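K.L.:
Numbering (the numbering used here), first residue to last: 118 to 238.
Questions regarding the structure given below will be posed in turn.
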Amino acid sequence: MDRERINEGINPICLKVVITESILLNCIKGSSFSEIELHIPRVISTSKAVLKEYMYHLVNNSFISYNRVKKVYLIEADGWDLLYRIYSQRESSISDYTDLIIKVESNNYDLEYQGKRTEST
């Protein structure tokens, strides 16, 4: 099957940078789900279900991985790249950081402010 045809009807996933960044930072040294969950409320209040959804999308898109032996999540090369892009965008942008989202689709992502594309890979 043609890969483009498979992804044709799939809607992009939009993730808030404030949550995603916190998850990625927690995964640098390796963290369990419960450790990540403890640190998220400091950044933004979110439910366990929302956090699980974020974790699923970050693993599914190779930003983080899960080590089944140690039972921890670890940042991957794409996650480091995403953190770099987040920090670059934050430094160069006048817009509010809380408005920044990551739009992930077909192994590609864009950083956006309120629906406006600002950077892509």
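C-beta: ideal position from N, C-alpha, C; glycine also.
All values derive from a computational prediction rather than experimental measurement.
(1) Would the stretch 188-195 and the stretch 143-160 be scored as touching if the rule is three or more Cβ pairs under 8 Å?
(2) Grab me the residues of Ser148's own chain with a C-beta within less than 7 Å of its C-beta, minus the 5 sequence neighbours each way, in chain order.
(3) CA-CA distance, Ile221 and Asp198?
(4) Taking only the alpha-carbon atoms, compute the straight-line gap between Glu236 and Asn184 and give it to the nearest angstrom.
(5) Compare the Cα-Cα distances from Lys165 to each of Leu175, Asp216 and Glu154 and report the closest residue.
(6) Which residues does DSSP pair with Ser148 in a beta bridge?
(7) Assign Thr238 to one of three DSSP states: helix, strand, or coil.
(8) Which same chain residues, not among the five before or five after Ser182, have their C-beta less than 6 Å away from its C-beta?
(9) I'd like to know whether the C-beta atoms of Ile136 and Thr163 end up nearer to each other than 8 Å.
(10) Between the alpha carbons of Thr215 and Arg207, how many angstroms are there, rounded?
P.N.:
The relevant details are as follows:
(1) yes
(2) As a working note, residue 148 is residue 31 in the sequence shown. So the qualifying residues of the chain are Val189 and Tyr190.
(3) As a first step, residue 221 must be located in the sequence shown, where it is residue number 104. As a first step, residue 198 must be located in the sequence shown, where it is residue number 81. Checking the sequence, you will find Val at residue 221 rather than Ile. If you take the alpha carbons of Val221 and Asp198, they lie about 14 Å apart.
(4) The sequence position of residue 236 within the sequence shown is 119, counting from 1. The sequence position of residue 184 within the sequence shown is 67, counting from 1. Bear in mind that a pLDDT of 45 at Glu236, under 50, signals an unreliable position, so the number given afterwards is only what the model happens to contain. Taking the straight line joining both Cα atoms gives about 31 Å.
(5) Start at 1 with the first residue of the sequence shown, and residue 165 comes out as number 48. Checking every option, the nearest Cα to that of Lys165 belongs to Glu154.
(6) Counting from 1 along the sequence shown, the entry for residue 148 is found at position 31. Answer is Tyr190, bridged to Ser148.
(7) For the purposes of this step, residue 238 is identified with residue 121 of the sequence shown, where counting begins at 1. Because Thr238 carries a pLDDT of 42, less than 50, the predicted location of this residue cannot be relied on, and no value is offered for it.
(8) Along the sequence shown, one-based indexing puts residue 182 at 65. Leu191 and Glu193.
(9) Here residue 136 refers to the residue found at position 19 when the sequence shown is read from its first residue. Here residue 163 refers to the residue found at position 46 when the sequence shown is read from its first residue. Contact flag set, yes.
(10) Numbered from its first residue, the sequence shown carries residue 215 at position 98. Numbered from its first residue, the sequence shown carries residue 207 at position 90. Cα to Cα, the separation comes out at about 10 Å.
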